[in-house]
Amino acid sequence: MATASEDNLFFYEDEVFRVNSKGVIQFGTVIENSELVSSDDETSDDEYDSSDYKIKKGHIRVSWHPSGLTQVLSESKVGLADRSLMPGDVVKMLAADKNTQRGYCNNIKVYATVQIVGTQQVIENIPTSQLSPLSKFTKDLAVYLDHWVGVIRDVHIKLLIACSDGSRAYISDSNTLKALLSRQGLGNYKSADDDDSPRMGKPDFYPGQALVAPRFILNSAVTGWQNKSPEFDRLVSRSKSLNVKVEAVEVDYVEVAWRCTAYTGNSVDPREPIVKGEELGRLCVLNHFESATNEVGDRATYVVTSEDVVTSLDSWRERKKEKLAEESGRRLPVQHTRRKGSRRKLKKSKQEYLV
Numbered sequence: 002m003a004t005a006s007e008d009n010l011f012f013y014e015d016e017v018f019r020v021n022s023k024g025v026i027q028f029g030t031v032i033e034n035s036e037l038v039s040s041d042d043e044t045s046d047d048e049y050d051s052s053d054y055k056i057k058k059g060h061i062r063v064s065w066h067p068s069g070l071t072q073v074l075s076e077s078k079v080g081l082a083d084r085s086l087m088p089g090d091v092v093k094m095l096a097a098d099k100n101t102q103r104g105y106c107n108n109i110k111v112y113a114t115v116q117i118v119g120t121q122q123v124i125e126n127i128p129t130s131q132l133s134p135l136s137k138f139t140k141d142l143a144v145y146l147d148h149w150v151g152v153i154r155d156v157h158i159k160l161l162i163a164c165s166d167g168s169r170a171y172i173s174d175s176n177t178l179k180a181l182l183s184r185q186g187l188g189n190y191k192s193a194d195d196d197d198s199p200r201m202g203k204p205d206f207y208p209g210q211a212l213v214a215p216r217f218i219l220n221s222a223v224t225g226w227q228n229k230s231p232e233f234d235r236l237v238s239r240s241k242s243l244n245v246k247v248e249a250v251e252v253d254y255v256e257v258a259w260r261c262t263a264y265t266g267n268s269v270d271p272r273e274p275i276v277k278g279e280e281l282g283r284l285c286v287l288n289h290f291e292s293a294t295n296e297v298g299d300r301a302t303y304v305v306t307s308e309d310v311v312t313s314l315d316s317w318r319e320r321k322k323e324k325l326a327e328e329s330g331r332r333l334p335v336q337h338t339r340r341k342g343s344r345r346k347l348k349k350s351k352q353e354y355l356v
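This note's numbering puts the first residue of the sequence shown at 2, with every later residue one more than the last.
Below, the structure is given as structure tokens:
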């Protein structure tokens with residue numbers, strides 16, 4: 002929730018920007034500021050390295066798109082591209098020397114610039130309400146089934162992949178799926194339970210996706226062949242990996258932590274945490290504000306209309322850079338690249354200063 006604080010210029014999930022040394026504008030998401038770590042936290046200093054965990058005042062931790070690289074830097078090194086607000090947030094208009102009225106956000110409309118996957122083309126000003134998530138069920142999403150309400154703890158899927166020789170098979174092992182994602186360049190993907198995993202390039206599978214599958218996956222992790230050509234074994238033996246295409250993504254089962262139930266006169270004992278089979282079709286999501294939760298790097302499906310204007314990514318970046326410079330009325334924050342050897346000199350001068 003965004004709060005008014007004189008100590009912080011940026012808040013959690015704000016979209017920020019800078020211009021790199023090549024003159025190209027970059028966008029990222031704030032994942033931590035100094036306000037998020039207080040002296041009242043239950044976590045002791047012994048549990049985390051203070052240099053990695055605590056953010057000094059005037060600094061933020063940013064995850065840059067599309068690499069997912071996280072970086073701690075001064076607030077003066079970036080500019081605000083978009084403020085992250087959600088229905089229910091308390092806001093106020095800032096006016097010099099005036100205590101302006103506060104209010105609640107009742108509704109949020111978000112418009113996105115979308116890059117078409119696999120191309121250097123973008124479409125501007127798409128209402129996020131028209132973007133459909135790649136998966137109906139995601140971790141930490143509120144759901145209900147009959148009269149029970151709960152939160153999704155994990156989603157187990159299986160992929161139907163197709164090889165160039167026509168062979169088709171299912172892969173469902175969770176560790177194997179993570180290994181597949183880590184080889185696709187989708188950021189430095191870690192476990193979904195790891196809060197430090199990069200926020201950009203979220204790990205998702207979708208029909209039509211091209212993957213590089215190592216030989217050991219195709220030999221040992223396949224759970225069910227739909228058809229296997231006589232050429233498959235020879236094809237695998239000649240290469241360490243194969244290019245495969247995702248034909249379908251199917252939810253195998255969902256793990257839910259049930260929280261509460263409506264009074265029906267029946268037993269109040271929680272349901273089984275595993276939801277699968279026929280019950281999956283009746284499992285519904287509670288995500289009314291989904292269109293307000295989109296972040297930089299999220300992937301979604303969208304049907305292009307005749308009114309959409311497709312432009313090149315480079316031209317959009319230039320126009321966006323000019324617009325932000327005009328709106329800010331100041332020089333845009335630029336990332337400077339150190340020359341070779343400058344790091345050693347900087348470290349030495351710092352030591353001399355500390356002494």
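Backbone N, C-alpha and C define an ideal beta-carbon position, used for all residues, glycine too.
C-alpha distance - residue i paired with residue j, whole-angstrom precision
{"i": "residue 79", "j": "residue 163", "result": "44 Å"}
{"i": "residue 244", "j": "residue 70", "result": "27 Å"}
{"i": "residue 114", "j": "residue 318", "result": "11 Å"}
{"i": "residue 281", "j": "residue 261", "result": "19 Å"}
{"i": "residue 232", "j": "residue 166", "result": "7 Å"}
{"i": "residue 296", "j": "residue 219", "result": "34 Å"}
{"i": "residue 239", "j": "residue 207", "result": "28 Å"}
{"i": "residue 32", "j": "residue 21", "result": "20 Å"}
{"i": "residue 97", "j": "residue 120", "result": "45 Å"}
{"i": "residue 146", "j": "residue 287", "result": "11 Å"}
{"i": "residue 274", "j": "residue 255", "result": "8 Å"}
{"i": "residue 230", "j": "residue 223", "result": "15 Å"}
{"i": "residue 56", "j": "residue 36", "result": "8 Å"}
{"i": "residue 139", "j": "residue 108", "result": "23 Å"}
{"i": "residue 116", "j": "residue 294", "result": "18 Å"}
{"i": "residue 186", "j": "residue 178", "result": "For residue 186, the predicted model reports a pLDDT of 48, less than 50, meaning its position is unreliable and no value from the coordinates is stated."}
{"i": "residue 270", "j": "residue 150", "result": "13 Å"}
{"i": "residue 198", "j": "residue 175", "result": "Interpretation of residue 198 is limited by its pLDDT of 40, a score under 50 that renders its predicted location unreliable; the figure taken from the coordinates is listed afterwards. Answer to the nearest angstrom: the Cα atoms are 17 Å apart."}
{"i": "residue 1", "j": "residue 129", "result": "Since the first and last residues shown for the chain are 2 and 356, residue 1 lies out of range."}
{"i": "residue 264", "j": "residue 137", "result": "28 Å"}
{"i": "residue 304", "j": "residue 112", "result": "15 Å"}
{"i": "residue 325", "j": "residue 84", "result": "14 Å"}
{"i": "residue 278", "j": "residue 154", "result": "18 Å"}
{"i": "residue 99", "j": "residue 133", "result": "42 Å"}
{"i": "residue 284", "j": "residue 104", "result": "35 Å"}
{"i": "residue 13", "j": "residue 58", "result": "14 Å"}
{"i": "residue 329", "j": "residue 320", "result": "14 Å"}
Proximity winner among the options, relative to residue i (alpha-carbon distances)
{"i": "residue 173", "options": "181, 167 and 166", "result": "181"}
{"i": "residue 292", "options": "66, 88 and 15", "result": "88"}
{"i": "residue 62", "options": "85, 83, 327 and 34", "result": "34"}
{"i": "residue 77", "options": "60, 83, 276 and 29", "result": "60"}
{"i": "residue 299", "options": "305, 177 and 118", "result": "118"}
{"i": "residue 335", "options": "28, 9 and 13", "result": "28"}
{"i": "residue 242", "options": "271, 211 and 216", "result": "216"}
{"i": "residue 248", "options": "235, 210 and 283", "result": "210"}
{"i": "residue 235", "options": "212, 267, 168 and 278", "result": "168"}
{"i": "residue 306", "options": "131, 271 and 314", "result": "131"}
{"i": "residue 23", "options": "328, 329 and 315", "result": "315"}
Residue burial classification, residue i (beta-carbon count within 10 angstroms, cutoff 16)
{"i": "residue 148", "result": "exposed"}
{"i": "residue 160", "result": "buried"}
{"i": "residue 19", "result": "buried"}
{"i": "residue 11", "result": "buried"}
{"i": "residue 170", "result": "buried"}
{"i": "residue 214", "result": "buried"}
{"i": "residue 15", "result": "buried"}
{"i": "residue 289", "result": "exposed"}
{"i": "residue 226", "result": "exposed"}
{"i": "residue 228", "result": "exposed"}
{"i": "residue 302", "result": "exposed"}
{"i": "residue 2", "result": "Residue confidence for residue 2 is low, a pLDDT of 44 falling below 50, so the modelled location carries little weight; the figure read from the coordinates is stated next. When all chains shown are included, residue 2 counts as exposed."}
{"i": "residue 9", "result": "buried"}
C-beta atoms of residue i and residue j nearer than 8 Å
{"i": "residue 91", "j": "residue 258", "result": "no"}
{"i": "residue 252", "j": "residue 144", "result": "no"}
{"i": "residue 26", "j": "residue 246", "result": "no"}
{"i": "residue 93", "j": "residue 101", "result": "yes"}
{"i": "residue 205", "j": "residue 135", "result": "yes"}
{"i": "residue 81", "j": "residue 17", "result": "yes"}
{"i": "residue 86", "j": "residue 106", "result": "yes"}
{"i": "residue 30", "j": "residue 68", "result": "no"}
{"i": "residue 250", "j": "residue 158", "result": "yes"}
Check: residue i C-beta below 7 Å from any heavy atom of the ligand GTP
{"i": "residue 206", "result": "The ligand GTP is absent from the structure shown, which contains no ligands of any kind."}
Proximity test, Cβ basis, 8 Å: residue i and chain B
{"i": "residue 75", "result": "Although the question refers to chain B, the structure presented lacks it and comprises just one protein chain."}
TODO: Determine contact between the segment 120–135 and the segment 301–315, defined as no fewer than three beta-carbon pairs at a distance below 8 Å.
DONE: yes
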